[in-house]
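A short worksheet on the structure shown next.
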Amino acid sequence: MEATTIAARSTEDIALDLLKFVAAHANVASKGAGSTGFGVAPSVKPEDQVTYLLELYARCRQAVEAPIK
2 MEATTIAARS TEDIALDLLK FVAAHANVAS KGAGSTGFGV APSVKPEDQV
52 TYLLELYARC RQAVEAPIK
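Going by this note's numbering, the first residue of the sequence shown is number 2, and it counts up by one from there.
Encoded structure:
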């Protein structure tokens, strides 16, 4: 039953989960970002943060949809 649940998830859902994971661990879009050298600098405008997150989501979708070799 677990395999059916995993197979039923769309690549968009999986990419979104990957985005959340990466963003949380890289301090993306958090107010304390930049202290580790990862993520978006705190002085970045909210519009730029949104653009960065959308680009990151596109990269996550590419990673999820890439064929397994």
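The beta-carbon is built from N, C-alpha and C at its ideal position, and this holds for glycine as well.
Give every residue of the same chain whose Cβ lies closer than 8 Å to the Cβ of residue i, excluding the five residues on either side of it in the sequence, and list them in chain order.
| i | result |
| --- | --- |
| VAL23 | VAL29, LEU57, CYS61 |
Please list, in chain order, all residues of the same chain as residue i whose beta carbon is under 6 Å from its beta carbon, the five residues on each side excluded.
| i | result |
| --- | --- |
| VAL65 | THR12, ILE15, ALA16 |
| VAL51 | none |
On the DSSP letters alone, give me the boundaries of the alpha helix (DSSP H) that residue i sits inside.
| i | result |
| --- | --- |
| ILE15 | 12-26 |
| VAL51 | 47-66 |
Residue i: buried (16+ other C-beta within 10 angstroms of its C-beta) or exposed?
| i | result |
| --- | --- |
| LEU55 | exposed |
Please name the residue in the options whose C-alpha comes closest to that of residue i.
| i | options | result |
| --- | --- | --- |
| LEU19 | PRO47, ASP49, ALA59 | ALA59 |
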